[in-house]
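See below for the structure under consideration.
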Amino acid sequence: MANREELAIIRGARAGRTESQLALGKLYLFGSAGLPKSLPTALHWLERAAQQGCADAWKLIGSHIPLELARQGAPVLLRWYERAYDDGVVRAGLVFAQLVLGEGAPEPSAAVRGKALR
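Those letters in the sequence shown? Residues 379 to 496, by the numbering used here.
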């Protein structure tokens with residue numbers, strides 16, 4: 379059961395506040411006393427924060443969300459892995475390359491393919 383502080387974060391995230399979405403994503407990413415660890419739920423909230431320009435959110439996506447989960451939302455999530463990679467998150471570059479060059483991936487542009495091969 380979520381505590382008062384976590385409930386306030388949940389309300390803020392649902393209201394569209396970027397900082398609350400990031401905080402809630404972190405709570406689900408790492409788990410807390412009141413909220414279980416859940417990577418899909420963490421990804422949901424981190425992706426919403428990233429859509430609002432939160433660099434910390436796309437860096438967390440790039441460093442903690444595994445390839446298997448990323449493949450499920452690959453077209454939408456690809457940009458967050460690319461941005462995290464551009465910001466120096468090496469693990470994000472590995473997932474980015476696998477999403478771009480992996481089996482079943484659509485043919486990337488020359489620029490995207492070149493970045494994935496770096």
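Heads up, the beta-carbon is just placed ideally off N, CA and C, and yes, glycines get one too.
Model, not experiment: these values are computed from the prediction.
Boundaries cannot be given for residue 465, as no alpha helix (DSSP H) includes it and DSSP labels it neither H nor E. Membership of residue 397 in the alpha helix (DSSP H) is indicated by the continuous run 396-408. In the three-state reduction of the DSSP assignment, residue 481 falls in the coil class, being assigned neither a helical nor a strand state. In the DSSP annotation of this structure, the continuous segment of the alpha helix (DSSP H) that includes residue 441 starts and ends at 433-442. In this structure, DSSP gives residue 430 a state outside helix and strand, which the three-state scheme calls coil. DSSP, read as helix, strand or coil, puts residue 414 in coil.
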